[in-house]
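Chemist: Structure incoming, see below.
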Amino acid sequence: MGSNVSTDKKPLTEVKLKSEVGVLFDDKAKRAFDAAATEGPDGTRTVPWPTIEAHAKEHDERALDPRKCMFHNLKAFKAAREQIDEIAREHIRGDVKKIPWVGKNLGDECRQYGLDGEPAASLDALYDVAALARVQFEEIMTAACPESGVKLMFAPLKGRDRAGAKARDEYKDKTAPCYSWLFDITRGAALCQTEDAIVQLYASLEADDRVDIVRTKNRFAPPLFNGYQDILMNVAVKVEKVSHMCELQIHLMPIKESEALHRSHTVYEYFRSFFLGNSDAVAQRLEMLCKLPVDEANDVDELVDHVLGSDADANLLDGLCELLTSIEAIFRVRGRREGPGSNLSEEDARVWWGERGGG
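The numbers in the sequence shown follow this note's numbering, run straight up by one, and end at 393.
Pasting the structure below:
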């Protein structure tokens, strides 16, 4: 909604709708979406734009205004970071922050293989190994868990239609077959009650010869931009003569259980495009967002007036201008990707994403 659906009027998936309106997609909107959605041949559920527009006009017209969407998601963004930080201060002493980052990027040397030992060139080759790897993955995770304080959850293998579309859309230009770049077919989560349980679980995985830790993103140090804290891993398990990479997410339960209060995942989906780019650009945007006094305003206009009328120094005012310009550019990039409604060039897009070091 918001930035580009009003221009191309295509049917929207739930994920796309959330990325457009963020926290304005509440329980009532979710029920309305489910009631109106139809399922396509690939299992994707969508709702026609006129239906979405009519519902918004009747129940919450803020969802049709990108500025209002942005403002309410800014407020939720700040609240999520503050609430999660408060929980973390209560439950984390610091040991979990010592878990190292490992292999931040999965390059050509990290591929998924078929049983023949070659990079998986088809979904069949990939899923034959994934089905066997899931059994091994569950056994290893069960053995690694402390006797109490951890709940394991294993998802079914990722849907083939979704996996195939992701491979073809995102990895078709890679040097290896696109299907060999899918590392989340076999997935699981560990829900840990305490920081100690997380540390013990990670140590057990490190010591287990049956598993190789390929990548660790310790998002306790530092947290995600929305404040959420967890550990995301890719671990390789042996299947016959090849290894298969599985995805593991390790949560601290007090943070995970608070999601309904701060809706940090919804905030993440809304702002994810804004936080693409190099680390310096992302850090600058995050710092600027955190400085905005959204709690002292009722809408974007009041927010801008408050900043302009405050005693802020020139750097803060310049930063606000750059931030608002970046937000506008991202809306335009979204429109260009999904349909008409934006005249931003690809060169401009690269600048806005921070690929040249800009903010």
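For glycine and all other residues, C-beta sits at the position ideal for the given N, C-alpha and C.
#1: Would you list the one or two residues that DSSP bridges to residue 187?
#2: Can you check which of these residues, 238, 101, 260, is closest to residue 323 by C-alpha distance?
#3: List the residues that DSSP assigns as beta-bridge partners of residue 170.
#4: In its own chain, which residues sit with a C-beta less than 8 Å from the C-beta of residue 112, not counting the 5 before and 5 after it?
#5: Could you give the residue range of the beta strand (DSSP E) that holds residue 247?
#6: Could you tell me whether any non-hydrogen atom of the ligand SAH is closer than 6 Å to the CB of residue 72?
#7: Could you check which residue in 171, 334, 144, 307 has the C-alpha nearest to that of residue 100?
#8: Measuring alpha carbon to alpha carbon, tell me which of 45, 177, 83 ends up nearest residue 240.
#9: Cβ atoms of residue 71 and residue 81: under 7 Å apart, would you say?
#10: How about residue 247 and residue 265: do their beta carbons lie closer than 7 Å?
#11: Give me, in chain order, the residues of the same chain whose beta-carbon lies closer than 7 Å to that of residue 85; leave out the 5 immediate sequence neighbours on both sides.
#12: For residue 186 and residue 234, I'd like the C-alpha separation in whole angstroms.
#13: Compare the Cα-Cα distances from residue 338 to each of 75, 90, 104 and report the closest residue.
#14: Here's the rule I'm using: 16 or more other beta-carbon atoms within 10 Å means buried, otherwise exposed. How should residue 270 be labelled?
#15: Taking the alpha-carbon of residue 137 as reference, which of 205, 288, 249, 117 has the nearest alpha-carbon?
#16: From residue 276 to residue 215, what does the alpha carbon distance come to, in whole angstroms?
#17: Please list the segments of the beta strand (DSSP E) lying wholly inside the stretch 251-312, counting only runs of 3 or more residues, in order along the chain.
#18: Using only the alpha-carbon positions, how far apart do residue 125 and residue 288 sit?
Modeler: Reading from the atomic positions:
#1: The count along the sequence shown starts at 1 and reaches residue 187 at position 153. In the DSSP assignment, residue 187 is bridged to 223.
#2: Taking the first residue of the sequence shown as 1, we reach residue 323 at position 289. Relative to residue 323, the option among 238, 101, 260 whose CA is nearest is 260.
#3: Locating residue 170 in the sequence shown gives position 136, where the first residue counts as 1. According to DSSP, which records beta bridges pairwise, residue 170 is partnered with nothing at all.
#4: Looking up residue 112 in the sequence shown gives position 78. Take residue 112, set aside five residues on each side of it, and the residues of its chain with a beta-carbon closer than 8 Å to its own are 323, 324, 326, 328, 329, in chain order.
#5: Start at 1 with the first residue of the sequence shown, and residue 247 comes out as number 213. Counted as a single uninterrupted DSSP element, the beta strand (DSSP E) harbouring residue 247 occupies residues 245-252.
#6: With respect to small molecules bound, the structure shown includes none, and the ligand SAH cannot be examined in it.
#7: Counted from its first residue, the sequence shown places residue 100 at position 66. The candidate whose alpha carbon is nearest that of residue 100 is 334.
#8: Taking the first residue of the sequence shown as 1, we reach residue 240 at position 206. Of the candidates 45, 177, 83, the one whose C-alpha sits nearest the C-alpha of residue 240 is 177.
#9: Indexing the sequence shown from 1 puts residue 81 at position 47. Indexing the sequence shown from 1 puts residue 71 at position 37. The beta carbons of residue 81 and residue 71 sit closer together than 7 Å.
#10: Taking the sequence shown and counting its residues from 1, one reaches residue 247 at position 213. Taking the sequence shown and counting its residues from 1, one reaches residue 265 at position 231. With respect to the 7 Å criterion, residue 247 and residue 265 are not classified as neighbours on the basis of their beta carbons.
#11: Residue 85 sits at position 51 when you count from the first residue of the sequence shown. The answer, listed in chain order, is 70.
#12: Within the sequence shown, the letter at position 152 stands for residue 186. Within the sequence shown, the letter at position 200 stands for residue 234. Residue 186 and residue 234: Cα-Cα distance of roughly 14 Å.
#13: Within the sequence shown, numbered from 1, the residue matching residue 338 stands at position 304. Of the candidates 75, 90, 104, the one whose C-alpha sits nearest the C-alpha of residue 338 is 104.
#14: Taking the sequence shown and counting its residues from 1, the one referred to as residue 270 is at position 236. Residue 270 is buried by the Cβ-count criterion.
#15: What you label residue 137 is simply residue 103 of the sequence shown in a count that begins at 1. Of 205, 288, 249, 117, the smallest CA-CA separation from residue 137 is found for 249.
#16: Translated into the one-based positions of the sequence shown, residue 276 becomes position 242. Translated into the one-based positions of the sequence shown, residue 215 becomes position 181. Cα to Cα, residue 276 sits roughly 15 Å from residue 215.
#17: As far as the stretch 251-312 is concerned, its whole beta strand (DSSP E) runs of at least 3 residues are 264-273, 276-286.
#18: Within the sequence shown, residue 125 is the residue found at index 91, counting from 1. Within the sequence shown, residue 288 is the residue found at index 254, counting from 1. The straight-line gap separating the alpha-carbon atoms of residue 125 and residue 288 is approximately 8 Å.
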